[in-house]
Amino acid sequence: MPKRIGLTILLFLFLYSVSAQEKWNYPNVDRKSYELYEQQKWLELIDYSAAARKNGIDFFYLQVRTGIAFYNLEKYNKSIPYFRKAWEADNSQEWLQEYLYYSLVFAGRSLEASKIARHFSESLKRKIDFQNSQAIYAAVEIGYSFNPDLDKLKENTFDKDLNIENDYGEAFIFKNYLFESVDFNHRVIPGFVINHNFTHLNVNRLQQVDWGQRYTFDTKTNQNQYFFNPYFVLGKKIHLSPSINLTWGNFNYFSGAISNTGQIFREVDYKFSDYIFSVSAWTYFGNIAPGAEINFANIYDTGFSQLSGWITFYPLSNTKLYITPRVYFKNTSESGFDYNTFGISGGFQLSQLHFYGQYLNGDMKNFVEPGGYVIANFPGRSEQKILASLYFPTGKKYRFVVRYINQDIFEKYNVYSNGILNNSLEYKYIKHTLTAGLSWNF
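Per my numbering, residue 10 is the first one in the sequence shown, and the count goes up by one each step.
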């Protein structure tokens with residue numbers, strides 16, 4: 010009896026094994042996956058294809074059907090590996106080329122898409138309006154920044170608080186600034202684009218001097234900034250983005266002196282120039298994109314380097330929702346790399362509206378933001394910055410953006426004795442910035 014039971018069990022296991030082998034074979038998987046594809050049962054198709062691969066079965070059309078299932082669910086980052094693998098096996102199919110191209114575009118990876126598109130047929134290139142070299146977009150933006158605490162700061166008692174008596178007390182109190190910015194982006198060859206930006210700022214400050222009595226002067230800063238940023242893809246998906254940011258301009262201030270007739274002030278015009286060289290690199294692994302950036306800069310005659318690393322998460326496997334935590338480290342001549350700032354940014358899309366936000370917290374003195382494009386080269390320091398941007402289309406090729414920035418600024422009232430700094434008092438205000446811009450795709 011025990012022997013008969015043992016034989017029955019062995020027979021059952023054999024039949025089960027044969028049944029499983031019959032189920033997971035190429036013809037059955039091809040037939041079943043095609044049925045699910047025809048019925049547009051995308052979730053079932055994804056689960057079924059995953060089970061087939063676990064059983065060692067994978068082929069061109071299974072890869073394509075899986076990619077199409079993810080594509081139709083708008084999970085573009087997940088569709089890309091399947092389309093790419095199928096395309097590498099057979100890159101002659103125009104419909105597959107188109108699926109791969111648009112999955113990359115809708116995943117926010119247009120540069121990879123352009124690198125792929127150079128291998129497309131001429132008919133498909135015409136269909137998607139692709140050219141090897143072309144202008145991509147241009148944009149203009151204007152903004153206004155102001156200090157709502159100006160009147161309060163103008164009535165300060167810094168001189169009395171520090172009891173300067175006959176010493177020389179001085180502060181430059183921020184009033185407002187207006188800036189204009191122009192962007193232009195063009196593709197040189199597939200997989201290689203160049204970004205250009207020119208920005209001009211007019212900054213107004215109130216110079217306050219306490220020297221026996223209080224004197225006030227209006228000072229201005231004219232600052233120009235040119236940003237040059239080539240950007241390309243190495244291999245399949247390694248993005249490399251070096252950039253150079255050149256900033257130059259002049260500001261005027263009033264310097265006090267003693268003459269035979271008493272105290273006098275003369276206007277001084279000071280020219281400055283700063284630079285930032287940056288290199289950033291990142292790649293994609295499914296729904297995450299890790300990256301790192303290093304900056305070498307000289308701002309206000311201070312040389313330093315800055316290092317940051319980040320990971321972008323795409324919970325929906327597309328650009329409708331993303332979040333990027335980022336950590337910054339700074340290195341000066343006095344010390345090695347130390348923690349400097351933490352930032353978190355992200356965005357989401359509702360219908361045609363796209364929202365982007367950013368929060369920074371740390372020691373932002375002579376600070377370089379992501380990409381080396383925005384620099385904190387104002388006097389003083391900042392500990393917190395909040396940015397909110399809202400994008401919405403205005404026609405087929407145009408997009409409008411409005412932004413609001415809230416940033417705390419710490420500056421100093423300095424006291425000089427015989428031309429030597431001997432005391433100071435830090436004060437704080439909130440800088441508010443409103444901007445609006447329009448971009449258009451060519």
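By construction, the Cβ of each residue, glycine as well, lies at the ideal position given by its N, Cα and C atoms.
Between the Cα of residue i and the Cα atoms of the options, which residue gives the shortest distance?
i: Thr-258; options: Tyr-235, Asp-219, Phe-274; result: In the sequence as presented, Thr is not what sits at residue 258; that position holds Gly. Here the closest residue by C-alpha is Tyr-235.
i: Phe-139; options: Phe-155, Gln-106, Gln-393, Asn-156; result: Gln-106
i: Asn-206; options: Lys-246, Ser-252, Asn-375; result: Ser-252
i: Ser-326; options: Val-191, Glu-83, Tyr-57; result: Glu-83
i: Leu-330; options: Lys-374, Phe-322, Asn-175; result: Phe-322
i: Asn-141; options: Ala-98, Leu-120, Ser-264, Ile-151; result: Leu-120
i: Asn-34; options: Leu-52, Ala-60, Glu-47; result: Ala-60
i: Thr-350; options: Phe-364, Leu-369, Glu-179, Thr-208; result: Leu-369
i: Pro-388; options: Ile-198, Glu-378, Met-373; result: Met-373
i: Glu-189; options: Ser-154, Gln-216, Leu-171; result: Ser-154
i: Lys-440; options: Phe-401, Gln-222, His-209, Gln-393; result: Gln-393
i: Val-316; options: Glu-150, Arg-62, Tyr-337; result: A small fix is needed here, since residue 316 is Leu in this sequence, not Val. With distances taken between Cα atoms, Leu-316 lies closest to Tyr-337.
i: Gly-152; options: Asn-427, Val-411, Glu-435, Asn-37; result: Val-411
i: Pro-324; options: Asn-340, Thr-341, Ala-298, Lys-339; result: Ala-298
i: Leu-443; options: Glu-103, Asn-37, Asn-269, Asn-185; result: Asn-185
i: Asp-417; options: Lys-406, Asn-175, Tyr-438; result: Tyr-438
For a quick check, are the C-beta atoms of residue i and residue j less than 8 angstroms apart?
i: Asn-415; j: Ile-384; result: no
i: Gly-352; j: Gly-366; result: no
i: Thr-292; j: Ile-247; result: yes
i: Asn-386; j: Asp-310; result: no
i: Arg-399; j: Leu-362; result: Correcting the residue type first, residue 399 is Leu in the shown sequence and not Arg. Yes.
i: Gly-65; j: Tyr-108; result: no
i: Asn-238; j: Ile-203; result: yes
i: Ile-285; j: Ala-306; result: yes
i: Gly-295; j: Asn-86; result: yes
i: Phe-346; j: Arg-390; result: no
i: Asn-81; j: Trp-51; result: yes
Leaving out the 5 sequence neighbours to the left and right, which residues in its chain are closer than 7 angstroms to residue i when beta-carbon positions are compared?
i: Ser-433; result: Lys-421, Tyr-422, Asn-423, Val-424
i: Asn-261; result: Thr-228, Lys-229, Glu-276, Val-277, Asp-278
i: Gln-49; result: none
i: Lys-136; result: none
i: Ser-264; result: Phe-274, Arg-275, Val-277
i: Tyr-110; result: Ala-122, Ile-125, Ala-126, Ile-137
i: Phe-68; result: Tyr-35
i: Val-468; result: No answer is possible for residue 468: the residues shown for the chain start at 10 and end at 451.
Using the beta-carbon count (16 or more within 10 Å), is residue i buried or exposed?
i: Trp-96; result: buried
i: Phe-79; result: buried
i: Leu-430; result: exposed
i: Arg-40; result: exposed
i: Asn-375; result: buried
i: Asp-168; result: buried
i: Ala-122; result: buried
i: Val-212; result: buried
i: Tyr-348; result: exposed
i: Gly-371; result: buried
i: Ser-116; result: Residue identity check: residue 116 is Ala in the sequence provided, not Ser. When all chains shown are included, Ala-116 counts as buried.
i: Glu-164; result: exposed
i: Ala-180; result: buried
Whose C-beta lies closer than 6 angstroms to the C-beta of residue i among residues of the same chain, with five residues either side of it excluded?
i: Tyr-177; result: Trp-220, Tyr-425
i: Asp-192; result: Ala-148, Asn-206
I'd like to know if residue i contacts chain C, where contact means its C-beta is closer than 8 angstroms to some C-beta of that chain.
i: Phe-68; result: Structure shown: chain C not included; a single protein chain is present.
Can you list, in chain order, the residues of its chain whose CB lies under 8 angstroms from that of residue i, leaving out five sequence neighbours each side?
i: Tyr-46; result: Leu-54, Arg-74, Ile-77, Ala-78
Kindly examine the ligand FAD and report whether one of its heavy atoms sits closer than 7 angstroms to the Cβ of residue i.
i: Phe-451; result: In terms of ligand content, the structure shown is empty, and the ligand FAD therefore cannot be addressed.
For the stretch 438-450 against the stretch 140-154, are there 3 or more C-beta pairs whose distance is under 8 angstroms?
Yes: at least three Cβ pairs fall under 8 angstroms.
Any contact between the stretch 128-137 and the stretch 151-160? By contact I mean 3 or more CB pairs, one from each, below 8 angstroms.
They do not touch, by the three-pair rule.
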